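Worksheet: the structure to be examined is printed underneath.
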Amino acid sequence: MTDSISIPKQMEQVESRVAEVLSLAKSLGADGAEVSMSKQQGLSVSTRLGEVETVEFTNDGALGITVYQQGRKGSASTADLSDGALKQAVQAAVNIAKYTSVDEFSGLADKELLSMSPIDLDLYHPKELSTDEAIAIAKTCENAALSSDQRITNSDGATLACFEGFKVYGNSHGQLVGYPSSRHSLSCVAIASEGEDMQRDYDYTINRDFALLAQAEKVGINAANEALSRLHARKLPTGKVPVMFRADIANTFFGHFIAAISGGNLYRQSSFLLDALGQPIFPEFLTIKERPHIKKALASSAFDSEGVATVDRDIVKDGVLESFLLTSYSARKLGMQTTGHAGGIHNWQVSSTGGDFNQMLKQLGTGLLVTELMGQGVNVVNGDYSRGAAGFWVENGEIAYPVSEVTIAGNLANMFKQIVAVGNDIDMKGSIRTGSLLLDEMQVAGN
Amino acid sequence: MNNVERELLAESQLDKSFLNETLQGIYQRNIDFADLYFQASSHESWLLEDGVVKEGSYNIERGVGVRAISGEKTGFAYSDDISPVAITKAADAAKGIANSGNSATVHAFKTDKHALIYQSINPIDSLTQEQKITMLHEVEAHARQQDQRVKQVIVSLSGVFEKILVAASDGTYATDIRPLVRLNCSVLVESNGKRERGSAGGGARTDYSYFFEAENNKARYLAYAEEAVRQALVNIVAIESPAGAMPVVLGSGWPGVLLHEAVGHGLEGDFNRKGSSAFSGKIGQQVTSKHCTIVDDGTIANRRGSLNIDDEGTPAQYNVLIEKGILKGYMQDKHNAALMGVNPTGNGRRESYAHLPMPRMTNTYMLAGEHQPEDIIKSVKKGIYAPHFAGGQVDITSGKFVFTSAEAYLIENGEITSPVKGATLIGSGPEAMQKVSMVGNDLALDAGVGVCGKDGQSVPVGVGQPTLKVDEMTVGGTQ
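One line per chain: the protein sequences are A and B, in this order.
FYI, in my numbering the residues of the first sequence are 1 to 447.
FYI, in my numbering the residues of the second sequence are 1001 to 1479.
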C-alpha cells in the first residue's frame, strides 16, 4: 500500500507544508516554532514453517510542532496529516503555551549552530521488491534454520522488512532541512528442543542498502546455531568471576553510559557521572569516537532533532570523559553549549585492544561469557547494576557449557574501570560499534 | 447512530453498507475472516519539573486498519486517511494474502448490548487547564513538605480519550469509548552526598476526578507524592543486596508483575498455537503449586487493563487461567482461537489501527489465599521481602523471567530488617510457580500504572496478587 508518489517527491511537498505550518504558528502568535515531519512506508513479510504468516503494508507519518511564546512552550502532534488536523495541532500547541510556565532555558537551538545545508550521507537506497520476492527471501532464510539440524523443531519465523521514508525539519530561524532514508532488515527466530528443554534465539541483518544485507541462509543458520547452543543450559554457583560481554550485547553496556552522560539526567542530578567531565572513567586504553557522517551508516545524521549540525567528536579519549551528550535545553540548564545530541547519539566507535573473539576467551580463562541480558535493573542515579544473564561457562579459554538463569551485578562506575580488554570482533549492526568486552570480575548469582 | 459512528464513519462519508461491501470485496478471495478497525484518539500530557510547567503536549491519532485472514496467513494494511478510497486501497492490499476463490460469506452486522465497565467520558475536558496546572503544583508542594531531603520533583499528568469501531466479516459491529488517565510523581532525595530517586503514581479508565478521590483517607494525588518520597528515603539507606538462591516474599499489588512475566505471557494463545511456549500442551496439568489460582479479568470497573470490548469486538471476560495449580486455558484473540478450535476470550488487543491484534493480557492477578501476611514473613529465616518492583521480562520459550525490585528488605529470623538495594530476581516460570508455598489473604491490585510490551506493541494492563512466598529464587545482589 505504498504511496505511488516517490519519497523524494513527497518530501518536497512536505517541505512546503512544514513552511506553511510554521507561518500558521506565527500568525497565531508564536514568537518561535519548530516542526518536524517524518514518514515511513514499506513492506514487511514473515513466514513460519515454510508458509506465509503475515504480509503488512506499513505507511506511517506524523507531524510534531513545538511553539514558543514569551518563554512558554507548547507541543502537539498528529498522525492525521489532513489540513484540518494540521491546523488543529498548531492551535493546540499555541493553546498549551498559554498554560505552561515561563522557562528561561527553553527555546530553539542557537541559530549559529544549525545545519542550514546538510551534506548528503547516502542514506537512501530504496528497494523495489514484490511481495512474492520478499516471501521467497524470508522462506529461504527460515528454511536454512529449519533444515540445519534435527533439533530445530520449531520456528517463530523469518521476517523481511523494507522501509523507506524521510524526515523534514524546519524552524522559525529559517532552517528547513530534510533527508530521505531507507532501512532493510531480515531476521529469523529458531526454536531448538531436545528432551524437555526448549530454547529460542535469533539472528538478524540490517542495512540502509538492501544489497549489503547478510545472506539469507547465513541469518537462518546463525539463528539455528544460537538456539542449539543454548540447549541444556545450567545454572552457576553464586560467586565472583571474570565476565565477558559478547560483542553483540556489549553495546548495552555503553547504552547505560549514554544515559549517565545525557543532559537530562545531568541537570536533574540523576547520574553517577555528574562531575565526571575531564575525569578518567574508563581504562586509559579506551577511546570512544563519535562519527555522525559515515556514509550509509545506521546512526548517521547531519543534524540532530533540533536541527543542530552534528560534528565528529571524541566522547572518551584515553579513558577520560571528553563530552557530555547535550541538547539546547539541557546545555542551557548546565551553562554549556549543545553537543547536537537531541534525539540520541550518532555512530560510536569503541577502540579495541586488538584481540579477536578466541583470544579474548583465552584472556578470560575461566569465567562467564554473557550472550544475553534480561531486564532493566540499572540505576543511573548511583550506577547500581543487576541484570539477568545467559551465556556460556568458559574453562581455560574454551567454551564448556551453556549457562542460564543467573544474574550479574556490580556498580557501573567500577565496571567501567574493570574493563581489561575490548575485542576486534566488532559488531556493526547498531549505533555503537564495539567488540566483546572483558571485565576482570563481577558478582554472579545462581544456585 | 452513536457518537463514535458519527465521528469515525459519517464525518468521512462512510456508512455500514460501505463497510459491508468492503468486507464482501475482500471475500472475493479465499479469506476466512476480515475486519476493519477504526480509531481516533486524543492524548494530552503535562510535565512539571521543579516549579516550572515545562512541557505540555496534545497528540491526535486517527486511522483505519484492514486485516484479512486465510488459514494461518494474515494480510494487513492501514491508512491515516479515513476515506472510501483509502479503505478500498488498504482492503485490496490486505486481501492479496490469499488466492482467488470464494469460500465463505460475510455475515450481516449485529450489535450486542453490554453493561459498561467504564463510562464514555472524555477525561481531557474533565478539568480546566488551570485546574490541571494547580494539581501538578500541589503534588510538588506536598512532596517537598514531606522531607527536607527532597531536592527535586517531577510530576506528570496524562489523559487519553480514544474511540474505536470494529466491523468484521463474522457479523461483529461494535464501538467503544475508552478514557484513560495517569498521574505520576518522581522525586530525587539527597542525604550525606548520596542521591536516590523514588516514584509513585496511578491511573484508571475514568476522568481526572479520580486523583482527588480519597483512598485510605488520603486524596490519591497527595498519596502519590508521599509514596514517592517514602520510597526514595528507604532506598537512600539501602545496603548491598545479597546474591544467590533464597526464599523471597513478594508484597501484594504491583509485585503481581511476577504473574505477568512468569505465567501470563506464556499463556497467550499465539505462543501456544505455535508450540513455542514453556506452557504449550499443558492444559489440565499442574503447572504451579496448588496454592495458586490465577485469572485474567478485563471486567473490573474502571481498571487500567479493563475493556468493554477487546479490539476485535469481543466483550471482556473473567478468564480463569490456572485453578489451584491446574492449567485451565489460554488467552485468545479470534485468529488463534479459531485455529485452536476454542472460543475467543476477549484478549484480542492492538496498540493502534496501525498494528495487528494479538492475544494480550488485561488485568492479571492471583486470588487470595488464607495466610496472614505477617505469618508469611515470620516463616522465613533468611530471605528477601520485596513490596515494590520496576519492570520485568520473559523468554516465553525457555520460561526464564526476570523482574527488578524497586524496594526490598532483608528478612532475618522472621523479621523484616534492613532495606536492600534494587536487585534483579531471576527464575524459570514453571519452576518458580511450583515453589509458591504460602499465599496471603490480602489480595490487592496495582495502582494503575502497568504497560505491557510485546512484538513492539504497548498496551495498558493491570496486575495484582496477595502477599506470597516463593521458597527459592535467585536474587541478583552484589554480596
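Beta carbons: idealized from backbone N, C-alpha and C, even for Gly.
Source: prediction; values computed, not measured.
Which value, in whole angstroms, describes the spacing of the CA atoms of V1066 (chain B) and N1102 (chain B)? Stepping through the second sequence from its first residue, residue 1066 (chain B) is reached at position 66. Stepping through the second sequence from its first residue, residue 1102 (chain B) is reached at position 102. C-alpha separation (whole angstroms): 19 Å.
Anything in the segment 1376-1408 of chain B with a Cβ closer than 9 Å to a Cβ of chain A? List those residues in chain order, please. A1390, G1391, G1392, Q1393, V1394, D1395, I1396, T1397, S1398, G1399, K1400, F1401, V1402, F1403, T1404 and S1405
Measuring alpha carbon to alpha carbon, tell me which of B:E1261, B:A1098, B:V1052 and B:Q1145 ends up nearest L1392 (chain B). For the purposes of this step, residue 1392 (chain B) is taken as the residue at position 392 of the second sequence. Residue identity differs from the one stated: residue 1392 (chain B) is Gly in this sequence, not Leu. Ranking B:E1261, B:A1098, B:V1052 and B:Q1145 by Cα distance to G1392 (chain B) puts B:E1261 first.
With a threshold of 16 other CB atoms inside 10 Å of the CB of R1006 (chain B), please say whether the residue is buried or exposed. Numbered from its first residue, the second sequence carries residue 1006 (chain B) at position 6. By the neighbour-count rule (16 or more Cβ atoms within 10 Å), R1006 (chain B) is not buried but exposed.
Chain B within 7 Å of M1 (chain A), Cβ atoms only: Here residue 1 (chain A) is taken as the residue at index 1 of the first sequence, counted from 1. Only weak support is given to the placement of M1 (chain A): the predicted model assigns it a pLDDT of 46, under 50, and the question is left unresolved by the model.
For the segment 1188-1210 of chain B, list every residue whose C-beta sits within 8 Å of some C-beta in chain A, in sequence order. L1188, E1190, K1194, R1195, E1196 and R1197
Let's see if you can read the secondary structure: which residues bound the beta strand (DSSP E) around V316 (chain A)? The sequence position of residue 316 (chain A) within the first sequence is 316, counting from 1. Run containing V316 (chain A): R313 to K317, per the beta strand (DSSP E) assignment.
For D201 (chain A), which three-state DSSP category applies? On the first sequence, residue 201 (chain A) is found 201 positions in, with the first residue counted as 1. D201 (chain A) falls in the strand class under three-state DSSP.
Across the segment 1356-1366 of chain B and the segment 1461-1472 of chain B, are there enough close Cβ pairs to call them in contact, namely three or more that are closer than 8 Å? yes
Check whether the segment 1311-1331 of chain B and the segment 1412-1420 of chain B touch, using three or more Cβ-Cβ pairs below 8 Å as the test. no
Any C-beta of chain B within less than 7 Å: which residues of the segment 205-237 of chain A qualify? none
Give the DSSP bridge partners of I408 (chain A), in chain order. Locating residue 408 (chain A) in the first sequence gives position 408, counting from the first residue. Paired residue(s): A:R387 and A:V444.
Would you please verify whether the beta carbon of T1293 (chain B) is less than 7 Å from any beta carbon of chain A? Sequence index remark: in the second sequence, residue 1293 (chain B) carries index 293 (1-based). Not one chain A Cβ lies under 7 Å of T1293 (chain B).
Given a cut-off of 7 Å on the beta-carbon distance, is the pair Y1037 (chain B) and V1166 (chain B) in contact? Numbered from its first residue, the second sequence carries residue 1037 (chain B) at position 37. Numbered from its first residue, the second sequence carries residue 1166 (chain B) at position 166. Contact: yes.
When the Cα atoms are used, what is the spatial distance from V1287 (chain B) to L1468 (chain B)? Indexing the second sequence from 1 puts residue 1287 (chain B) at position 287. Indexing the second sequence from 1 puts residue 1468 (chain B) at position 468. About 17 Å.
Pick helix, strand or coil for Q1013 (chain B), following the three-state DSSP scheme. Residue mapping note: residue 1013 (chain B) aligns to position 13 of the second sequence, counting from 1. If DSSP states are grouped into helix, strand and coil, Q1013 (chain B) belongs with coil.
Ranges of the alpha helix (DSSP H) found wholly within the segment 1018-1066 of chain B, counting only runs of at least 4: none
For V1436 (chain B), which of B:G1253, B:G1193, B:L1327 and B:V1249 has the nearest alpha-carbon? If you number the second sequence from 1, residue 1436 (chain B) lands on position 436. For the residues B:G1253, B:G1193, B:L1327 and B:V1249, the minimum Cα distance to V1436 (chain B) belongs to B:V1249.
Restricting to Cα atoms, I'd like to know which of A:I65, A:I294, A:A25 and A:V52 is closest to S36 (chain A). What you label residue 36 (chain A) is simply residue 36 of the first sequence in a count that begins at 1. Of the listed residues, the one whose Cα sits closest to S36 (chain A) is A:I65.
Take every Cβ of the segment 1405-1414 of chain B, pair it with every Cβ of the segment 1439-1459 of chain B, and state whether three or more of those distances are shorter than 8 Å. no
Could you please tell me which residues of the segment 55-72 of chain A, in chain order, have their CB closer than 8 Å to any CB of chain B? V55, E56, F57, T58, N59, D60 and G61
Under 7 Å between C-beta atoms, does R1062 (chain B) make it to chain A? As a working mapping, residue 1062 (chain B) is identified with position 62 in the second sequence. With 7 Å as the cut-off, R1062 (chain B) counts as an interface residue toward chain A.
Where does A85 (chain A) fall in DSSP's three states? Position 85 of the first sequence, counted from the start, is the residue given in the question as residue 85 (chain A). It is helical.
State buried or exposed for F257 (chain A), treating a residue as buried only when at least 16 other CB atoms are found within 10 Å of its CB. One-based indexing of the first sequence puts residue 257 (chain A) at position 257. So F257 (chain A) counts as buried.
Beta-carbon gap between L108 (chain A) and H173 (chain A) smaller than 7 Å: Here residue 108 (chain A) corresponds to residue number 108 of the first sequence, with the count starting at 1. Here residue 173 (chain A) corresponds to residue number 173 of the first sequence, with the count starting at 1. The answer is yes: Cβ separation under 7 Å.
If I measure Cβ to Cβ from A192 (chain A) and keep anything under 6 Å in the same chain, skipping five residues before and after, which residues do I get? Start at 1 with the first residue of the first sequence, and residue 192 (chain A) comes out as number 192. Excluding residues within five positions, the ones whose Cβ falls inside 6 Å are R151, I152, Q199, A227, L228 and L231.
Got a sec: is the Cβ-Cβ distance from M198 (chain A) to anything in chain B below 7 Å? Residue mapping note: residue 198 (chain A) aligns to position 198 of the first sequence, counting from 1. True, the Cβ-Cβ gap to chain B drops below 7 Å.
How big is the Cα-Cα spacing for Y1409 (chain B) and G1422 (chain B)? On the second sequence, residue 1409 (chain B) is found 409 positions in, with the first residue counted as 1. On the second sequence, residue 1422 (chain B) is found 422 positions in, with the first residue counted as 1. Distance between the alpha carbons of Y1409 (chain B) and G1422 (chain B) is about 10 Å.
Three-state secondary structure (DSSP) of F416 (chain A): Here the question's residue 416 (chain A) lines up with position 416 in the first sequence. Correct three-state label for F416 (chain A): helix.
Is V1475 (chain B) buried or exposed, if buried means 16 or more other CB atoms sit within 10 Å of its CB? What you label residue 1475 (chain B) is simply residue 475 of the second sequence in a count that begins at 1. Flag for V1475 (chain B) reads buried.
Residues in the segment 1442-1474 of chain B having any Cβ partner in chain A nearer than 7 Å: T1474
Is it the case that the Cβ atoms of I1396 (chain B) and S1277 (chain B) are separated by a distance below 7 Å? The residue you call residue 1396 (chain B) lines up with position 396 of the second sequence. The residue you call residue 1277 (chain B) lines up with position 277 of the second sequence. Yes, they are a contact pair.
Got a sec? Which residues, its chain only, sit under 7 Å from L1116 (chain B) by beta carbon, not counting five neighbours each side? Numbered from its first residue, the second sequence carries residue 1116 (chain B) at position 116. Once the five neighbours on either side are set aside, the close Cβ partners of L1116 (chain B) are N1308.
Opening and closing residue of the beta strand (DSSP E) in which S44 (chain A) lies: On the first sequence, residue 44 (chain A) is found 44 positions in, with the first residue counted as 1. Residues G32 to R48.
Indicate whether P292 (chain A) and S300 (chain A) have their beta-carbon atoms separated by less than 7 Å. The residue labelled residue 292 (chain A) in the question sits at position 292 within the first sequence. The residue labelled residue 300 (chain A) in the question sits at position 300 within the first sequence. Their beta carbons are under 7 Å apart, which means P292 (chain A) touches S300 (chain A) by this criterion.
Count the other CB atoms within 10 Å of the CB of D132 (chain A); is the residue buried (16 or more) or exposed (fewer)? Looking up residue 132 (chain A) in the first sequence gives position 132. Classification of D132 (chain A): exposed, given that the 10 Å Cβ count is below 16.
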